[in-house]
Amino acid sequence: MSLSSTHEETLSPNEALKLKKNSWVMSSMDKKILSTLLALITIIAGFSLATDVFFTPRNFSNLLVQGSINGILAVGMTYVILLAGVDLSVGSVAGLIGIVVGISQAHWGWAESGIPGFITTLVFALAAGILIGVFNGALISILKIHSFVITFGMMVIARGLATIFSGASTISPVGPELNFLGTGTLTGIWVEIVLFVPALAWITFILLDEKKGRAQKSVTPSSRVFFKIFSVVVGTAALYFVSSYKGLPIPVLLCALVAFAGAWILARTRFGRYVFAVGGNAEAARLAGINVKRITFLVFVAMSSLAALASVVLTGRLNSAGPNAGTLFELDAIAAVVIGGTSLKGGKGSVLGSVLGALIITSLKNGMDLLEIQSYYQNIMLGGIVILAVSIDSLVERKMD
Amino acid sequence: MVDSNLKEHSLVELLRGKQSSAKDFARGFLEMKNIVMEFPGVKALNQVNFQARPGEILALMGENGAGKSTLMKILSGVIPYPQYKGEVVIDGEFAQFKSTKDARQKGVAIIHQELNLFPELSVAENMFLGMEPLSQQTLGVIDWRLRDRTARRWLRDIGIEMDVSQPLKNLSVGNQQLVEILRALATHAKILIFDEPTSSLSMSESETLFRILLDLKARGHTIIYISHRMEEVFRLADRVAVLRDGQTVGTSLRSESTPEKIVSLMVGREIHDLYPKRNPTFGSEAFRVEDLSVKARGPHEPEVKNVSFSVRSGEILGVAGLVGSGRTELICGIFGAISKSRVTKKVWVNEKKTHIYSPLDAIDRGVALVTEDRKITGLVLDRSVEENMTLAVLPRISPFHVINRLEADGLVKEYILKLRIKTPNSKVEVRTLSGGNQQKIVLAKWLACAPRVLFLDEPTRGIDVGARQEIYALIDLLAKQGVAIVMVSSDLPEVLGMSDRVLVLRDGEVAGILDKSQASQETVMKLAAGVKTQA
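So the protein sequences, as listed, match chains A and B.
Here the first sequence is numbered in my numbering, starting from 11 and rising by one per residue.
Here the second sequence is numbered in my numbering, starting from 726 and rising by one per residue.
Structure below.
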């Protein structure tokens, strides 16, 4: 704390090297992710003991599919909350775009048009998502109105539009391609290809990275490398385990892709850095030449686009589109992000944490369903967990001060 | 804490130490004995001994991190007993404060560097918050008329006439501070601690403060004055105590000491030549601005009117001026940091006419700005050293938007070595580093962009002598490498020690540009304050 200014020699490169090699100095974000992971493991262990239906491929398959929609939304919400903002419209927008999808499939006949019809539906849905995101993003970034207000308004408007467009009734059915997107699985050799090839490639990259780093004298501590590889192995094994029941569900695959892309962009691109900077100190970011308005705008466009993707999956899965679809989805997404360790003040967080948070929420719901706990009590549980997670977080942080 | 006995005292009466309130303390003798304060991993105070007497101004000096704030936090109750070891004795009685309220009740008040008042509440409300006089007629209701009248009277007694019902934020910083002082006196404080009180004050406001301090001293208060500014200390203090690395390294009568002795006590070694000896060679014109005008943001805000100047490569142009003369607005206006609607200017970089409407424009043209307040506008405190250092240069090291990690790592390492930044590694949050190291990281951020023109606003504010020396050497080195440097500073010795020419700003206009040979404390102050000089 008291950094004396009496003249000390700075570490020579060799000493610095030794320092890093010996110990994995965990950043506060690392610690948060670890504790979230521990919580998840505890929950899984707990439910596995409580009922032997929990730890089965079939149940995990259901669990992951149910959670994949929230997972997709949570990735987008991570970016939004990193900017110290919030998007309350996500659930209503998902519902609205679901109606749009439903109308295009059932009323306009794209359901019968095979793959071209399916693609058109997707494009249409995405366009709608982008349009809404542009609306949100423009108002928030240019008018500098707080995102809470704008997205709240959009939430109400979107729900209203969904009711109008659907005539307050459910639209069904949807085409077989869309249905496959929501309920289908990859089977046979595809499972191995989709799981093992990327996993091996990833492990190779980790090792290559470390080798390159050693040559440049920036060493990652071996414990960290080991942990990375270990988690890839465990993750792949888990998905393989799940796939033994009927194959790898497409929604899960989609969610995984979105999560990887989201995490990668945040960690390795200029854009990701800018998001952290703008969320952490928008004024300092602006003075460093960052276009704060553009970053804010793009994040909200991305969020609504992901809401569009989520709604496509949801509609496919339910094989119908209802005006009330997606209600309260934004809260689950926000809860996942918060449980995962991202700070509501912005500037600190991770996609991995949010994914773990989403897994925690979906495991809790799933487990409680298996134990036949009524949904009212479930809500109390979930609310309690969110409060607990954030309280522990802030207590730990304050202790470190 | 409502003082129902608070009648309409005049300030003078109050200062005469009316014993009407039982909370009044006898004299104000303070002794802090063998104080030890440990935080996890750090011993912030190690057997500190410290005394202060009534009717005396004791200056407490030391570098950042020496323990001054910690010591005062113990005295003012921010750090409660028994978190610290040792004894605090006031007028012969042990004082074991459990809270700041305890401390205030025992007569200790601290006026912080950053004011602890409420900008939206009125002047009178702020002055008597928590101590309002109660109405005699209705139970539990504040007699606001009495409160306001008293506030007005007190201000008048120190020579200030103002509307006490206006919100505090309307007042200048100096006047806000006076309100805080009066508030401290309202608690019958005998021991007053002032923490860097003049850092945001104008010259005349500082003079008012000094007048009040001397008055308070004459009336028998015990005053502890924490300051970096040698001139003030040598003007006001009777005794000087120096802390270094959590220990008292010397207490002496001001009359028996010199600035050099004190600095060497603060740093632990002799500091010769704080400012590097410069042998500048000037190149061609690197930057020119003409007719720069910045509209004020509000009625009391500074503005800039038709300022023109130029800088050559290899030259250091100092910018001096009183608080409110528009120095920061000047360089922020040039950098494009102020919204286009308020700024008009004509700009040439390397003799080519160009425009700068935004920070990005400036950076693209090789212009960099190190802002006044690194914590607020210079750094993203929650992010790592590496992220902060690379923040402005990312476009150049990320092809197709993907960050080239090797280049980034190399850059970070290079600057950590070159600037001698003390940090355990490049991944720690910058929040954890000292002020001097934080400032170096800001500098590194801009140096990574290889600027041709570097604007600095208060580059060594809040930084210890040792780090300051390093930063001056760095600035000199940059100039030698051909960078044109414009340095705004309120530290006159710094401006005089470093600049090849000095531009003096007064009320938003150029009062004069002095060559190094002509620049001195007198000539600069005369221009800054408005007395016309000959030649």
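Every residue gets a Cβ at the ideal spot worked out from N, C-alpha and C, and that includes glycine.
Model, not experiment: these values are computed from the prediction.
- Closest in alpha carbon position to Ala-1093 of chain B, among B:Gly-1191, B:Ala-1209, B:Ser-847, is B:Ala-1209.
- Residue environment analysis places Lys-375 of chain A among the buried positions, since at least 16 neighbouring C-beta atoms fall within 10 angstroms of its C-beta.
- Separation of Phe-286 of chain A and Asp-940 of chain B (C-alpha to C-alpha, rounded to the nearest whole angstrom) is 51 Å.
- Secondary structure of Val-1178 of chain B (DSSP, three-state): strand.
- Per DSSP, the unbroken alpha helix (DSSP H) holding Leu-328 of chain A starts and ends at 302-328.
- In the DSSP assignment, Phe-853 of chain B falls outside any beta strand (DSSP E) and carries neither an H nor an E.
- For Arg-964 of chain B against Thr-976 of chain B, the beta-carbon gap comes to about 6 Å, under 8 Å, which counts as contact.
- With distances taken between CA atoms, Lys-1020 of chain B lies nearest to B:Glu-1054 out of B:Glu-1054, B:Ser-1083, B:Leu-978.
- For a cut-off of 8 Å, the C-beta gap from Asp-827 of chain B to Gly-753 of chain B is around 16 Å, too long to register as a contact.
- Non-local C-beta neighbours of Ile-804 of chain B in its own chain, meaning closer than 8 Å and more than five positions away in sequence, comprise Met-762, Thr-795, Lys-798, ordered along the chain.
- Asp-40 of chain A has its alpha-carbon roughly 43 Å from the corresponding atom of Arg-1022 of chain B.
- Restricted to the stretch 1070-1103 of chain B, the beta strand (DSSP E) segments that are unbroken, complete and at least 3 residues in length are 1077-1079, 1092-1095, listed in chain order.
- In the DSSP assignment, Gly-1051 of chain B falls outside any beta strand (DSSP E), carrying neither H nor E.
- Residue burial annotation: Lys-358 of chain A is buried, with at least 16 other C-beta atoms found within 10 angstroms of its C-beta.
- Within the stretch 1164-1238 of chain B, the complete alpha helix (DSSP H) segments of 4 residues or longer fall at 1190-1205, 1217-1223, listed in chain order.
- Using a Cβ distance threshold of 7 Å, Ala-135 of chain A and Val-311 of chain A do not count as a contacting pair.
- In the structure shown, Asp-998 of chain B falls within a coil segment according to DSSP collapsed to helix, strand and coil.
- Counting C-beta pairs closer than 8 Å gives three or more between the stretch 153-172 of chain A and the stretch 96-108 of chain A, which meets the contact rule.
- Taking C-beta separations shorter than 6 Å and ignoring five residues to either side along the sequence, Ser-404 of chain A has no partners in its chain.
- For Asp-1107 of chain B, the number of other beta carbons within 10 angstroms of its own is at least 16, and it is reported as buried.
- Note that the C-beta distance between Gly-257 of chain A and Leu-196 of chain A is below 7 Å.
- Put simply, of A:Gly-326, A:Thr-46, A:Gly-350 the residue whose alpha carbon is nearest the alpha carbon of Gly-192 of chain A is A:Gly-326.
- Spatial neighbours of Ala-1236 of chain B in its own chain (CB-CB distance under 7 Å, excluding positions within 5 residues in sequence) are listed in chain order as Val-1229, Leu-1230, Leu-1252, Ala-1253.
- Taking C-beta atoms under 8 Å as the contact rule, Glu-921 of chain B and Gln-838 of chain B qualify, at a distance of about 4 Å.
- In the three-state reduction of the DSSP assignment, Met-786 of chain B falls in the strand class, which pools E and B.
- Annotation for Leu-896 of chain B: Val-848, Met-887, Val-904 place their beta carbon closer than 8 Å to its own, counting only its chain and skipping 5 residues before and after.
- Interface with chain A (7 Å Cβ-Cβ cutoff): His-1080 of chain B is excluded.
- At least 7 Å separates the beta-carbon of Val-309 of chain A from that of Ala-84 of chain A.
- Neighbours of Asp-1182 of chain B in chain A, taken as residues at a C-beta separation under 7 Å, are lacking, since the least C-beta distance is about 11 Å.
- The stretch 335-354 of chain A makes no contact with the stretch 130-147 of chain A: fewer than 3 CB pairs, one atom from each, lie closer than 8 Å.
- At a cut-off of 7 Å between C-beta atoms, Arg-280 of chain A counts as an interface residue with respect to chain B.
- Taken through DSSP and simplified to helix, strand or coil, Phe-1007 of chain B comes out as coil.
- Contact between Thr-173 of chain A and Pro-333 of chain A holds: CB atoms are separated by about 5 Å, below the 8 Å threshold.
- Contiguous alpha helix (DSSP H) elements confined to the stretch 924-993 of chain B occur at 928-943, 955-961, 984-992, taking only those with 4 or more residues.
- Closest in C-alpha terms to Arg-1130 of chain B, from the list B:Ile-1166, B:Glu-1111, B:Arg-1067, comes B:Glu-1111.
- A Cβ of chain A is located within less than 7 Å of the beta carbon of Gly-1103 of chain B.
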